[in-house]
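Numbering-wise, this note's numbering comes out as the position in the sequence shown, counting from 1, plus 359.
We put the beta carbon where it would ideally sit given N, CA and C, even for glycine.
Note that the coordinates shown come from a computational prediction; the quantities given were computed from them, not determined experimentally.
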Amino acid sequence: MTTNGKNLQKIFLACFGLFAGTAFCMKWMEGDFVYKGGKFTIIGLEISYTREKVTAILSGMDDHVKTILRYHLCFDFLFMLAVYPGIAVLCLMARNKSTGIVLQKILMTLAALQLMAWACDILENYCLLKWIKGSAIGNEFNLYHFIVVVKWIIALAGALLAIPLIVRKYRVTQKN
360 MTTNGKNLQK
370 IFLACFGLFA
380 GTAFCMKWME
390 GDFVYKGGKF
400 TIIGLEISYT
410 REKVTAILSG
420 MDDHVKTILR
430 YHLCFDFLFM
440 LAVYPGIAVL
450 CLMARNKSTG
460 IVLQKILMTL
470 AALQLMAWAC
480 DILENYCLLK
490 WIKGSAIGNE
500 FNLYHFIVVV
510 KWIIALAGAL
520 LAIPLIVRKY
530 RVTQKN
């Protein structure tokens with residue numbers, strides 16, 4: 360492995376550690392996401408709930424749940440610091456192990472696009488924090504959903520392309 364490859368691996372491991380720690384904390388908090396006796400989820404707020412349901416949840420939850428949700432979103436900012444650079448590094452690691460020029464360009468593009476996914480996630484959290492404070496959810500709700508979908512597509516595309524390439528290349532290297 361080259362020096363560049365070893366450095367990327369160290370960066371990835373640091374990102375993975377922060378990812379695991381923040382994911383654990385956020386998962387732990389999700390048990391407190393209760394509205395009218397039922398559970399709600401961050402994924403629901405991001406993707407599947409209607410504007411009316413998001414409005415009802417954010418305006419109708421008690422102060423304890425609002426506090427926990429704010430904490431969750433703060434931990435999500437730390438999570439972002441791990442996940443998007445981590446996916447970018449995975450793309451770069453896969454790029455370093457790939458020989459095809461087109462594939463290398465795709466991986467480099469996906470690595471760079473993680474900045475856009477990160478920006479989308481920041482904007483998503485900003486909207487949720489604003490709405491928790493009591494701001495009305497206006498016409499930006501459709502834009503909010505679009506931003507969330509863009510974030511997920513970019514992040515998943517990077518991870519789902521890079522991981523199999525790294526694993527495959529690792530297995531081939533180990534056999535030789």
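{"Item": "Assuming F371 contacts L449 under a Cβ cut-off of 8 Å, what Cβ separation, rounded to an integer in Å, is found between them?", "Value": "7 Å"}
{"Item": "Since E483 contacts V508 with CB under 8 Å, what's their CB separation in whole angstroms?", "Value": "With 8 Å as the limit, E483 and V508 do not qualify as a contact, their Cβ atoms being about 10 Å apart."}
{"Item": "What runs of the alpha helix (DSSP H), each 4 residues or longer, lie entirely inside the stretch 406-489?", "Value": "410-419, 422-456"}
{"Item": "Excluding the 5 residues flanking R410 on each side, which residues of the same chain have their C-beta closer than 8 Å to its C-beta?", "Value": "I496, F500"}
{"Item": "Going by DSSP, which residues form a beta bridge with K398?", "Value": "V393"}
{"Item": "Could you check whether the stretch 414-423 touches the stretch 382-397, counting it as contact only if at least three pairs of C-beta atoms, one from each stretch, sit closer than 8 Å?", "Value": "yes"}
{"Item": "Around the C-beta of G459, are 16 or more other C-beta atoms found within 10 angstroms, so that it is buried, or is it exposed?", "Value": "exposed"}
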